[in-house]
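Undergrad: The structure is given below, and queries will be raised subsequently.
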Amino acid sequence: MDINALLRKHLINIKPYSSARDEYTGKEGVFLDANENPFGSASKEAFNRYPDPLQKGLKEKLSLIKGIPATNIFLGNGSDEPIDLLIRAFCEPEKDEVVITPPTYGMYQVCAEINNAKLVSVPLTKDFDLDVEGILSAISGNSKIIFLCSPNNPTGNSLQKSDIITVLENFPGIVVIDEAYIDFAQHESYATLLSKYKNLVVLQTLSKAWGLAALRLGMAFADEQIISILTKIKYPYNINAATQKLVSEALDNEKWKNEQVHEILTLRDELIEKIKSFDQVEKVYPSDANFILVKIRDAKKIFDYLIEQKIIVRDRSKVVLCEDCLRITIGTKSENNSLTEALSNYFDK
Ligand SMILES: *Cc1c(COP(=O)(O)O)cnc(C)c1O
């Protein structure tokens, strides 16, 4: 597949902003090129120098952890950034289409709408699997990107591998697999397929399992051609220096991440058992993530009641195929107990 043939025409020859630090990459020198403050910063720690626009150090570290060459890694301000950049790169406004499979992560639709791309919506089956036939018959020559989310938010399940492969083999544009919850799943990342499918983009994030949501660090893994397009159109300094430094330190602590994931999975099983024991609960859907989707009578009323108790879950009851569903993040043992006690009190009334 020729990626440049999918690219919006005006981007083919566009020249990215050349930053001061692109011209000289050495660390030592008298830096009079970027109009920075030579004395330091008003903050305690010094942040007066612009950060590395290509985040080379961070990519090297991630490359080792993920087993993916640094040249196949793009870093964004959260994985929301590559979602937006991919649409900006490939979708001509009012003409090209973004395919989504609801119920799924809301940012695909929001970014498509902001960029005025057309939206093609092919709902999941009632078991929350891909409707592959539906997808293949809904797409057109203008379908540039399909967003698949596995494990899926808000349903929690992983999509079937054979379905994903069929889409990869047959979709004429970019296939994005959002793996925000991959650390909690039992199966390996689809990044292993990158060399086989030049149109595959795998998104991951440090916001969930790594516990770094506030630092905003998302990753896109893809063929070098796609990485170079994203790099060309991003803001020059999209990952700030504090994030580059703190994330780089956190990556030395993969053991902590693995232990927390293990703990969360144990707490998830406990919470599922407890929640299933309430008669009013119709179903707890199987989860490959750090949250569960619960089908429950009077979901909206229970959501409001929980808010009164200062327990905040996510009301998904208005979402297609999620009628009467709440999405509940796995908390600490005591947070989960607060939730189940509040539910007990509510049902006893
Ligand atoms: C949380 C989430 C993200 C957001 O990740 P950021 O890196 O924090 O922007 C992306 N995709 C899905 C499916 C998510 O649930």
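Numbering-wise, the working numbering comes out as the position in the sequence shown, counting from 1, plus 1416.
Backbone N, C-alpha and C fix where the C-beta goes; we use that ideal spot for every residue, glycine too.
Can you tell me whether Ala1533 is buried or exposed, with buried defined as 16 or more other CB within 10 angstroms of its CB?
TA: Against the sequence shown, residue 1533 aligns to sequence position 117. Classification of Ala1533: buried, given that the 10 Å Cβ count is 16 or more.
Undergrad: Looking only at its own chain, which residues have a Cβ that is under 8 Å from the Cβ of Ala1505, when we skip the five neighbours before and after it?
TA: If you number the sequence shown from 1, residue 1505 lands on position 89. Once the five neighbours on either side are set aside, the close Cβ partners of Ala1505 are Leu1423, Arg1424, Leu1427, Ile1645, Leu1646, Ile1649.
Undergrad: Is the region 1480-1497 in contact with the region 1678-1693, if contact means three or more CB pairs nearer than 8 Å?
TA: No, because fewer than three Cβ pairs between the region 1480-1497 and the region 1678-1693 fall closer than 8 Å, the two stretches do not touch.
Undergrad: Using three-state DSSP, classify Ala1657 as helix, strand or coil.
TA: The count along the sequence shown starts at 1 and reaches residue 1657 at position 241. Helix at Ala1657.
Undergrad: Taking one C-beta from the region 1588-1596 and one from the region 1555-1563 each time, how about it: are there three or more such pairs within less than 8 Å?
TA: They touch, by the three-pair rule.
Undergrad: Any chance the CB of Tyr1606 is under 7 Å from a heavy atom of ligand 1?
TA: The residue given as residue 1606 occupies position 190 in the sequence shown. Tyr1606 Cβ: outside cutoff for every heavy atom of ligand 1.
Undergrad: Among residues of its own chain, excluding the 5 on either side of Asp1500, which ones have a beta-carbon nearer than 7 Å to its beta-carbon?
TA: For the purposes of this step, residue 1500 is identified with residue 84 of the sequence shown, where counting begins at 1. Hits under 7 Å: Cys1527.
Undergrad: What's the gap between the Cα of Ser1664 and the Cα of Glu1751?
TA: To locate residue 1664, count along the sequence shown from 1; it is residue 248. To locate residue 1751, count along the sequence shown from 1; it is residue 335. Ser1664 and Glu1751: Cα-Cα distance of roughly 30 Å.
Undergrad: Is it the case that the CB of Lys1624 approaches a heavy atom of ligand 1 more closely than 7 Å?
TA: As a working note, residue 1624 is residue 208 in the sequence shown. Because some heavy atom of ligand 1 lies under 7 Å away, the Cβ of Lys1624 counts as near it: yes.
Undergrad: With a threshold of 16 other CB atoms inside 10 Å of the CB of Val1586, please say whether the residue is buried or exposed.
TA: Position 170 of the sequence shown, counted from the start, is the residue given in the question as residue 1586. One detail in the question is off: residue 1586 reads as Asn in this sequence, not Val. Result: exposed.
Undergrad: Measure the C-alpha to C-alpha separation of Lys1577 and Gln1660 and round it to an integer number of angstroms.
TA: To locate residue 1577, count along the sequence shown from 1; it is residue 161. To locate residue 1660, count along the sequence shown from 1; it is residue 244. Looking at the two C-alpha atoms, the distance is approximately 34 Å.
Undergrad: Label Asp1704 either buried or exposed according to how many other C-beta atoms from any shown protein chain fall within 10 Å of its C-beta, with 16 as the threshold for buried.
TA: Numbered from 1 along the sequence shown, position 288 holds the residue referred to as residue 1704. Buried is the call here.
Undergrad: Quick check on the DSSP output: the beta strand (DSSP E) that includes Ser1559 runs from which residue to which?
TA: Taking the first residue of the sequence shown as position 1, residue 1559 is located at position 143. 1559-1565 is the extent of the beta strand (DSSP E) around Ser1559.
Undergrad: Taking a contact to mean a Cβ-Cβ separation below 8 Å, would you say Tyr1606 touches Ile1642 in this structure?
TA: Sequence index remark: in the sequence shown, residue 1606 carries index 190 (1-based). Sequence index remark: in the sequence shown, residue 1642 carries index 226 (1-based). For Tyr1606 and Ile1642, no; Cβs fall outside 8 Å.
Undergrad: By alpha-carbon positions, which one of Ile1718, Arg1730, Val1677, Gln1696 ends up nearest to Thr1748?
TA: Here residue 1748 is taken as the residue at index 332 of the sequence shown, counted from 1. It is Val1677 whose Cα lies nearest to the Cα of Thr1748.
Undergrad: Span of the beta strand (DSSP E) holding Lys1595?
TA: Translated into the one-based positions of the sequence shown, residue 1595 becomes position 179. In the sequence as displayed, the identity of residue 1595 is Glu instead of Lys. That residue, Glu1595, is in no beta strand (DSSP E); it is neither H nor E in DSSP.
Undergrad: Would you check whether ligand 3 has a heavy atom nearer than 7 Å to the C-beta of Tyr1521?
TA: Of the ligands one can find in the structure shown, namely ligand 1, none is ligand 3.
Undergrad: Quick one: measure Cβ to Cβ for Ala1596 and Thr1621, integer angstroms, because I've assumed they're closer than 8 Å.
TA: Mapped onto the sequence shown, residue 1596 falls at position 180. Mapped onto the sequence shown, residue 1621 falls at position 205. Contact holds; Cβ gap of about 5 Å.
Undergrad: Do you know whose CA, among Asp1496, Ala1657, Ile1718, lies nearest Gly1634's CA?
TA: What you label residue 1634 is simply residue 218 of the sequence shown in a count that begins at 1. The option with the nearest alpha carbon to Gly1634 is Asp1496.
Undergrad: Cutting at 7 Å between CB atoms, please list the residues of its own chain near Ala1629, excluding the five before and the five after it.
TA: Counting from 1 along the sequence shown, the entry for residue 1629 is found at position 213. Cβ within range, chain order: Ser1623.
Undergrad: Determine, using beta carbons only, whether Pro1467 and Tyr1653 come nearer to each other than 8 Å.
TA: Sequence index remark: in the sequence shown, residue 1467 carries index 51 (1-based). Sequence index remark: in the sequence shown, residue 1653 carries index 237 (1-based). Yes, these two residues count as a Cβ contact at 8 Å.
Undergrad: Nearest-angstrom Cα distance between Asn1615 and Gly1550?
TA: Sequence index remark: in the sequence shown, residue 1615 carries index 199 (1-based). Sequence index remark: in the sequence shown, residue 1550 carries index 134 (1-based). Cα to Cα, the separation comes out at about 20 Å.
Undergrad: Count the other CB atoms within 10 Å of the CB of Ile1481; is the residue buried (16 or more) or exposed (fewer)?
TA: As a position in the sequence shown, residue 1481 is number 65, starting the count at 1. Answer is exposed; the Cβ neighbour count stays below 16.
Undergrad: Look up Leu1631 in the DSSP assignment and give the residues it is bridged to.
TA: For the purposes of this step, residue 1631 is taken as the residue at position 215 of the sequence shown. Looking at the DSSP assignment, Leu1631 forms no beta bridge with any residue, so it has no partner.
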